[in-house]
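Structure record follows, encoded as structure tokens.
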Amino acid sequence: MSELTEVVPPKRKLKVKASSTPDRIFYGIATAAAYSTIILVIAIMFFLSLRAWPTFEKFGFVNFIFGSGWDNTLESPSFAIGPMLYGSFLIAALGVILAVPMAISIAYFIEFMAPKPLAKTTALLVDLLAAIPSVVIGLWGLSIFSPVGAHWGEMLHDAFGFLPMFENDADNFLRTPFIAGFIVAVMIVPIIASITREIFSQIDQDLIKASLALGGNRESTFRKVILPTAAGGIVGGVLLALGRALGETVAIFFVLNLVFDEVNWFRIVLPEGGAIASLILSKFAEATADEVSALLAAGVVLFAFTLLINSIASFIVVKAQPWRK
Amino acid sequence: MAVDLTPVERPKSAAPWTKISAQSKTLMFLASTVPAVIYLALLVVNNFDFMSSLLVVFLPMQTVASALVGLKIYGRRGILDGLLVVATLFLGSFVFVLLVSVLWSVVQAGFATLSPQFIYQNDVYVTPTTGLEIGGVGHAILGTLLVVGLSTIITVPLALATAVYLTETRGKSRGLIRTLLQAMSGLPSVVTGLFIYSMLILSGFTSYAGWTGSLALIPLMLPTVSRVAEEALRLVPAELRNGALGLGASAWSAFSMVTLPAAKSGLVTAVLLGVARIIGETAPLLLTTSLANKTNLNLVEGGISTLPTYLYGYVSLGYDTSIQRAWGAALVLLMLVGILFVAARVASSTKSAKKRK
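Same order as they appear, the protein sequences are chains A and B.
Going letter by letter, the first sequence gives residues -3 to 321 in the working numbering.
Going letter by letter, the second sequence gives residues 69 to 425 in the working numbering.
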């Protein structure tokens, strides 16, 4: 009887390189396309910074970003975006504050409350809201919502006017950061809602059932099981939405009164505010050569901030979904 | 006496907490309808301001009612339960109201403007105050189709090849490229407009034209298409691919004959979502194209109107009739988006997509 010997498979290297010509072309095209995205991003940064450089050189980074005033009629025009930058963040923060409860409610409704057909319809409606172009929402905000929002602002002022937040000495409640924040909220609700829903749907059902079986009710399950598990993802979604809110241009331009000289710190029902993206749009048409450079510099600042926020956001979203590798 | 210790068979989906008695159901129903009815009655009688009374009268009433029912059914901890339900439903329906308000205003005001000639005429003889009998968005529709079409033609191969690089190859920079795409998807649209403006127009290379607008839309469309396409390619089971490779197919034929057909509907969805993403973009086009009243089919030179810039232009004029035209354009734009939206749904729910799940 012959002895059985174990067959050792020959060690060999897996071929990494493409062998045939079509394969080489195939991989070549894919690689070229992928690297072109790198080139694209570098080109965006390069060309914007190139043209923006004179402004940064002339006014200094710090003065340009944190100073205030935008005037091209002076002998030596001065450009600074402090109020716009702060205004962008104020509006984005207002939008997020308004949008987060709505978005979480919708996500909770879709995932845990509604019967299946209703949940599907609601999810479809949320996607539909996300698909509406922002310029259309801007038009709605300008013609339909602004009067209503001004009325709400006035009511807030009447009821809580003693708080500095709701001060208004302009006797006019249109074109306020409050309205702009609300419009932004309408746009970012679907973003936060869909990410939250995604996270909710991935939560281990056993966790929820365990909580319910131990005598937890709807509310305590939500507060002690669902929210803590989903918190990371929700924060990531909120940051993504914040990035979108900072970049919002036309809709905010329609409904906000831009004030360049001073920062409106917190008086949200006063018709004074700012937004970098809208500044670019509003000054672009009649810009002088110096001013164009300043606008590009504002674009660079906006780009830098959104890039920062987005990278933090995607990092958090990825960390919060370990099952997605 | 021996105790019977054989385990009781548990029903598969044992969820005793979902069983609610009929009495409790009635109570829940009453709690959700009675406050609404009382509130509506008060509203009719007293002529309150809707929003403030909703917050000051209806919401507290509804909250108390739900808390009471929660208390009755679940005991003390049921109170918070009731509050959670009220908050969720109230905020959820608020978003629903917002959505309906947006859609309804566009449909209502848009249909008042819409007429056959509004679809096919252009605005050559139109001044801001001209009546709605003449003029329309014909040139803007064509402009949108041309500008968006050109960016689609450029972006789609690029984005699909990038997705292929991310899924089908073992390239070294996949992580970097994925990160860059993620970063690009958050790029403010006005920045891409500034980019093309500073690169091509400010440097005197070209003047405002349709193709500069198309280029400005590329960085916005690219991340959407490649991300969705990547997901679609990733959903193709590895066994299929390995099977083809194991049978001796080259990487290219395995991709073109196995992976591509399997992922087809997902890729179509990716393209449609990408187009839907950019079709309403306004800011980049405002910075890189100039408005025109006449039909311009030449992407290389001259002003070209698109639906979003048309809308923006007429809104900034500010006359009643010009706003009317803007609503009309909004309706047309929304219809285009709706068509894309439905098409993307249909494409992603075809047979092959269902099988994969």
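Virtual Cβ for every residue (Gly too), placed ideally from N, Cα, C.
As the structure is a prediction and not an experimental result, all values here were calculated from the model.
Rounded C-alpha distance that separates residue i from residue j
| i | j | result |
| --- | --- | --- |
| LEU288 of chain B | TYR387 of chain B | 32 Å |
| THR377 of chain B | LEU213 of chain B | 13 Å |
| ASP286 of chain A | PHE141 of chain A | 37 Å |
| MET129 of chain B | ALA95 of chain A | 24 Å |
| PRO79 of chain A | SER64 of chain A | 6 Å |
| MET86 of chain A | GLY56 of chain A | Note that residue 86 of chain A is Leu in the sequence shown here, rather than Met. Cα-Cα distance, rounded: 24 Å. |
| TYR193 of chain B | GLU201 of chain B | 11 Å |
| ILE429 of chain B | GLY177 of chain A | Absent from the model: residue 429 of chain B. The displayed extent of chain B is 69 to 425, so no value can be given. |
| LYS279 of chain A | LEU291 of chain A | 8 Å |
| GLY199 of chain B | THR181 of chain B | 10 Å |
| LYS87 of chain B | PHE118 of chain B | 37 Å |
| VAL313 of chain A | VAL231 of chain A | 8 Å |
| GLY381 of chain B | SER294 of chain B | 32 Å |
| PRO93 of chain B | GLN392 of chain B | Checking the sequence shown, residue 93 of chain B turns out to be Lys, not Pro. Going from the Cα of LYS93 of chain B to the Cα of GLN392 of chain B covers about 49 Å. |
| ARG323 of chain A | THR284 of chain A | Here chain A has residues from -3 to 321 only, and residue 323 of chain A is not among them. |
| LEU404 of chain B | THR337 of chain B | 16 Å |
| ALA412 of chain B | GLY217 of chain B | 17 Å |
| SER72 of chain A | GLY371 of chain B | 33 Å |
| ILE179 of chain A | THR327 of chain B | 43 Å |
| LEU120 of chain A | LYS54 of chain A | 51 Å |
| PHE158 of chain A | VAL251 of chain A | 26 Å |
| LEU108 of chain B | SER100 of chain B | 13 Å |
| LEU389 of chain B | ALA247 of chain A | Residue 389 of chain B is actually Thr in this sequence, not Leu. The straight-line gap from Cα to Cα measures roughly 20 Å. |
| ALA89 of chain A | THR223 of chain B | 33 Å |
| PHE249 of chain A | GLY178 of chain B | 22 Å |
| SER358 of chain B | THR280 of chain B | 10 Å |
| PRO186 of chain A | VAL4 of chain A | 57 Å |
| ASN310 of chain B | LEU249 of chain B | 28 Å |
| LEU335 of chain B | ARG302 of chain B | 11 Å |
6 Å Cβ shell around residue i - same chain, five flanking residues per side excluded
| i | result |
| --- | --- |
| SER207 of chain A | THR217 and VAL221 |
| ALA103 of chain A | ALA189, THR192, ARG193 and PHE196 |
| HIS153 of chain A | PHE162, ASN164 and VAL265 |
| ASP191 of chain B | GLY203 and ASN361 |
| PHE75 of chain A | TRP66 and ALA290 |
| VAL304 of chain B | THR327, ALA330 and ALA331 |
| PRO291 of chain B | LEU249, MET252 and SER253 |
Residue i: first and last residue of the uninterrupted alpha helix (DSSP H) it sits in
| i | result |
| --- | --- |
| PRO128 of chain B | 127 to 142 |
| VAL124 of chain B | Neither: VAL124 of chain B is in no alpha helix (DSSP H) and is coded neither H nor E. |
| LEU437 of chain B | In the structure displayed, chain B extends from 69 to 425; residue 437 of chain B sits before or after that span and is not available. |
| SER282 of chain B | 278 to 303 |
| PRO18 of chain A | 17 to 55 |
| SER373 of chain B | Segment: none, SER373 of chain B is in no alpha helix (DSSP H) and carries neither H nor E. |
| ASP202 of chain A | 201 to 209 |
| GLY406 of chain B | 388 to 416 |
| TYR233 of chain B | 206 to 236 |
| GLY134 of chain A | 130 to 136 |
| THR101 of chain B | 90 to 114 |
Chain A contact for residue i (CB, 8 Å cutoff)
| i | result |
| --- | --- |
| ASP72 of chain B | no |
| ILE245 of chain B | yes |
| ILE43 of chain B | For chain B, the structure presents residues 69 to 425; residue 43 of chain B sits outside this window and is missing. |
| GLY348 of chain B | yes |
| LYS423 of chain B | Its pLDDT being 48, under 50, LYS423 of chain B is placed unreliably by the model, and the measurement read from it follows with that caveat. Not an interface residue. |
| SER420 of chain B | Annotation note: pLDDT 49 at SER420 of chain B (below 50); position unreliable, no value reported. |
| VAL170 of chain B | yes |
| TRP320 of chain B | yes |
| SER121 of chain B | no |
| ASP149 of chain B | yes |
Any chain B beta carbon closer than 8 Å to residue i
| i | result |
| --- | --- |
| THR302 of chain A | yes |
| TYR82 of chain A | no |
| SER142 of chain A | no |
| PRO173 of chain A | no |
| SER72 of chain A | no |
| SER216 of chain A | yes |
| ASN306 of chain A | yes |
Close Cβ partners of residue i (< 7 Å) along its chain, the five nearest in sequence each way excluded
| i | result |
| --- | --- |
| VAL260 of chain B | Per the sequence shown, residue 260 of chain B should be read as Thr rather than Val. Excluding residues within five positions, the ones whose Cβ falls inside 7 Å are ALA284, PRO287, LEU288 and PRO352. |
| ALA333 of chain A | Because residue 333 of chain A is not part of the residues shown, which for chain A are -3 to 321, the question remains open. |
| THR350 of chain B | PRO376, THR377 and TYR380 |
Proximity test, residue i beta-carbon vs the ligand HEM heavy atom, cut-off 7 Å
| i | result |
| --- | --- |
| SER32 of chain A | The model on display carries no ligand, and the ligand HEM is accordingly not part of it. |
Sequence-distant residues of its chain with Cβ nearer than 8 Å to residue i (five each side left out)
| i | result |
| --- | --- |
| PHE299 of chain A | ILE40, MET41 and LEU44 |
Task: Stretch pair the segment 304 to 323 of chain B + the segment 19 to 26 of chain A: three plus CB contacts closer than 8 Å - done: yes
- [ ] Would you check if there are 3 or more beta carbon pairs closer than 8 Å linking the segment 397 to 414 of chain B to the segment 227 to 245 of chain B?
- [x] no
TODO: Could you tell me whether the segment 35 to 44 of chain A touches the segment 253 to 267 of chain A, using the rule of 3 or more Cβ pairs below 8 Å?
DONE: no
Task: Sufficient close CB pairs (3 or more, under 8 Å) joining the segment 169 to 178 of chain B to the segment 126 to 135 of chain A - done: yes
Task: Contact between the segment 267 to 276 of chain B and the segment 206 to 224 of chain B (3+ Cβ pairs under 8 Å) - done: no
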